[in-house]
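Residue numbers (mature numbering (1 follows the signal peptide of the UniProt record, and there is no 0)): -19 to -1, 1 to 209. Glycine included, C-beta positions come from ideal geometry on N, C-alpha and C. Here the structure comes first, spelled out in structure tokens, and everything after it is commentary.
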């Protein structure tokens, strides 16, 4: 996105936010920061063992190699997979609060990293195939979370959005290919796609569900906000 389009986009977002409600100041945002930090600590302390390490299901994918003008298929099967590092989930920037009627809307910027993946598996091509190990490393992931609470009581937390905004710095290594080393690049591409799919699933499903479950049990500190 060029600078003109980016500037227009930012101005549009700000105009929409002003139309929807009232921006609250730094004191309110600090309360939002503390609330989000406590929520994340609670999730990690209570449920962290369920997603770190996280067991990756058996999976696989195919690839092709052209020999004498004929496409011959190969297959990768993966099992005994694990992902580690989601306990690093944290708030990365100040929260932003707006108030509209009886609702307080909070946007939080979250991040996690580094994350590590590992699979054991095998590769088959023309009925031949060695055992392999596939390892991956993800430097960082950014997440945006939007939720609301009752502006008067701070209760009735409701998760509105929870999605991955950016994935940065993924590397994959494959060992054990031997004479099938020419298949390295398609295997790396398939493994990257697979890892991203699992990561999206555990974040936007499992952890999102945990947050949805915990929000109603937390009370946002609304004291003093009405005078801000």
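| message | Distance check for residue 133 and residue 139, CA to CA, integer angstroms please. | response | C-alpha separation (whole angstroms): 15 Å.
| query | Along the chain, where does the beta strand (DSSP E) that runs through residue 52 open and close? | reply | That run of the beta strand (DSSP E) goes 51 to 65.
| So, using beta-carbon positions, are residue 59 and residue 32 closer together than 8 Å? | Note that the C-beta distance between residue 59 and residue 32 is not below 8 Å.
| message | I'd like the span of the beta strand (DSSP E) that includes residue 44, first residue to last. | response | Per DSSP, the continuous beta strand (DSSP E) segment holding residue 44 begins and ends at 40 to 48.
| query | Out of 159, 125, 103, 147, which has the shortest C-alpha to C-alpha gap to residue 192? | reply | Check the Cα spacing between residue 192 and each of 159, 125, 103, 147: the tightest is with 125.
| C-alpha distance - residue 82 paired with residue 29, whole-angstrom precision | Counting only the Cα atoms, residue 29 lies some 36 Å from residue 82.
| task | Find the nearest neighbour of residue 71 within the set 94, 120, 62, judged by alpha-carbon distance. | result | Measuring C-alpha to C-alpha distances from residue 71 to each of 94, 120, 62 identifies 94 as the nearest.
| query | What three-state label does DSSP hand residue 172 in the structure shown? | reply | In the displayed model, residue 172 falls within a helix according to three-state DSSP.
| Under three-state DSSP, which class holds residue 161? | In the three-state reduction of the DSSP assignment, residue 161 falls in the helix class.
| query | Whose C-beta lies closer than 7 Å to the C-beta of residue 76 among residues of the same chain, with five residues either side of it excluded? | reply | Excluding sequence neighbours, residue 76 sits near 10, 13, 14, 17, 87, 88, 89.
| task | Reducing DSSP to helix, strand and coil, say where residue 204 ends up. | result | Collapsing the DSSP output to three states places residue 204 in coil.
| Beta-carbon proximity check, residue 85 vs residue 201, cutoff 8 Å | Taking 8 Å as the Cβ cut-off, residue 85 and residue 201 qualify as a contacting pair.
| said: Just to confirm before moving on: does the CB-CB distance between residue 153 and residue 113 stay below 8 Å? | reply: The Cβ atoms of residue 153 and residue 113 lie no closer than 8 Å to each other.
| field | residue 84 - DSSP class collapsed to helix/strand/coil | value | Strand at residue 84.
| request: Counting only the same chain and skipping the five closest in sequence on each side, list residues whose C-beta sits under 8 Å from that of residue 20. | output: Answer for residue 20: 192, 195, 196, 199, listed in chain order.
| message | With a threshold of 7 Å on Cβ separation, who are the neighbours of residue 128 within its own chain once the five nearest residues in sequence on each side are excluded? | response | For residue 128, where only same-chain residues beyond five positions count, the Cβ hits under 7 Å are 87, 138, 139, 140, 141, 196.
| message | Taking the straight line between their C-alpha atoms, what separation do you get for residue 54 and residue 96? | response | Here the C-alpha atom of residue 54 lies approximately 31 Å from the C-alpha atom of residue 96.
| CB contact flag (residue 63, residue 39, <8 Å) | Contact: no.
| Under three-state DSSP, which class holds residue 12? | The three-state secondary structure of residue 12, taken from DSSP, is helix.
| query | Considering only residues of the same chain and omitting the five flanking positions on each side of residue 116, which have a CB-CB separation below 6 Å? | reply | Answer for residue 116: 99, 154, listed in chain order.
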